[in-house]
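**Q**
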Amino acid sequence: KMKVLFLSLLLGVICAAQEEEAQPSLSELSGQWRTAYIASSNLGKIKPNGPFRVYLHKLLFDDEQGTVDFYFFVKHKGKWEYKHVLGIKQEDGTYAVDYEGKNVFEVSHASNDILVAHNTNVDEHGKKTVLTGLFVKVNIEDESLQKFKELTQEKGIEEENVVNFIET
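Heads up: the sequence shown begins at 3 in our numbering, then just goes up one per residue.
1) Is it a yes or a no for the region 78-92 touching the region 120-132, going by three-plus beta-carbon pairs under 8 Å?
2) Determine the contact status of L31 and L117, defining contact as a CB-CB distance below 9 Å.
3) Can you check DSSP and say which residues form a bridge with E108?
4) Quick one: give me the first and last residue of the beta strand (DSSP E) that D100 is part of.
5) Over the uninterrupted alpha helix (DSSP H) stretch that includes S146, give me the two end residues.
6) Starting from the Cα of K149, find the closest Cα among F75, L61 and L136 and give me that residue.
7) For the beta strand (DSSP E) containing L133, name the first residue and the last one.
8) Do V138 and N121 count as a contact pair if the criterion is CB distance below 9 Å?
9) Note down, one range per segment and in chain order, each beta strand (DSSP E) of at least 3 residues found wholly within the region 25-65.
10) Determine the extent of the beta strand (DSSP E) in which D71 is found, giving its start and end residues.
11) In or out: W35 buried (at least 16 other Cβ within 10 Å) or exposed?
12) Nearest-angstrom Cα distance between D115 and K91?
13) Check for me: the beta strand (DSSP E) holding I90 runs from which residue to which?
14) Which residues share a DSSP beta bridge with N114?
15) Can you tell me where the beta strand (DSSP E) with N163 in it begins and where it stops?
16) Alpha carbons only, please: which of K157, A112, K77 and Y97 is nearest the one belonging to I48?
So this is what it looks like as structure tokens:
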């Protein structure tokens, strides 16, 4: 009985250790990222000159402070603007972000090379928009693209509302 108990405990520890390796801590994800895809329940938010047609430059996660700094480019009235927006970690692990209204941002899947996230935006008119994004450090793997597509579908966003940022 003790051997079975010990082996079960050992197996549990190994599985937990492997899970931690598969999903790095957010602070380990800090660095330069680029936008690969963004999808939105409201296509107007990600069309050219739309407020969420963002070209991500850098993310800085601070686990100790409970913050994330977003650095990105967005076109406003035909001109490129460089933006810095701060997110504050909430008890549920999401980040509250003030940008074009109130946002709830969450990393859904991450590795050293890809980051799949979703964001719920409520603008100044009370209109709710759900967005998903795939951000990369290098070229996208098919598996990563599949995770993004699954999350987008799960969040109820139509496939025609997906914008490929690599090809634009």
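Glycine included, C-beta positions come from ideal geometry on N, C-alpha and C.
These numbers were taken from a predicted model, which means no experiment stands behind them.
**A** On the basis of the data shown:
1) The region 78-92 vs the region 120-132: no contact.
2) Within the sequence shown, numbered from 1, the residue matching residue 31 stands at position 29. Within the sequence shown, numbered from 1, the residue matching residue 117 stands at position 115. Yes, they are a contact pair.
3) Residue 108 sits at position 106 when you count from the first residue of the sequence shown. E108 pairs with H120.
4) As a working mapping, residue 100 is identified with position 98 in the sequence shown. Y97 to D100 is the extent of the beta strand (DSSP E) around D100.
5) For the purposes of this step, residue 146 is identified with residue 144 of the sequence shown, where counting begins at 1. That run of the alpha helix (DSSP H) goes D144 to E156.
6) Position 147 of the sequence shown, counted from the first residue, corresponds to residue 149. Taking only the C-alpha atoms, the option nearest K149 is L136.
7) By one-based count along the sequence shown, residue 133 stands at place 131. Looking at the DSSP string, the run of the beta strand (DSSP E) that includes L133 is K130 to V138.
8) Within the sequence shown, residue 121 is the residue found at index 119, counting from 1. Within the sequence shown, residue 138 is the residue found at index 136, counting from 1. Between N121 and V138, the gap from beta carbon to beta carbon reaches 9 Å or more.
9) Listed in chain order, they are 36-42 and 57-64.
10) For this step, residue 71 is matched to residue 69 along the sequence shown. Membership of D71 in the beta strand (DSSP E) is indicated by the continuous run T69 to H78.
11) Translated into positions along the sequence shown, residue 35 becomes position 33. When all chains shown are included, W35 counts as buried.
12) Here residue 115 refers to the residue found at position 113 of the sequence shown. Here residue 91 refers to the residue found at position 89 of the sequence shown. The alpha-carbon atoms of D115 and K91 are separated by roughly 22 Å.
13) By one-based count along the sequence shown, residue 90 stands at place 88. I90 -> beta strand (DSSP E) spans K81 to K91.
14) Walking along the sequence shown from the start, residue 114 turns up at place 112. Answer is none; N114 lacks a bridge partner.
15) Position 161 of the sequence shown, counting from 1, holds the residue named residue 163. Per DSSP, N163 belongs to no beta strand (DSSP E) and is neither H nor E.
16) Start at 1 with the first residue of the sequence shown, and residue 48 comes out as number 46. When the alpha-carbon of I48 is set against those of K157, A112, K77 and Y97, the nearest one is in K77.
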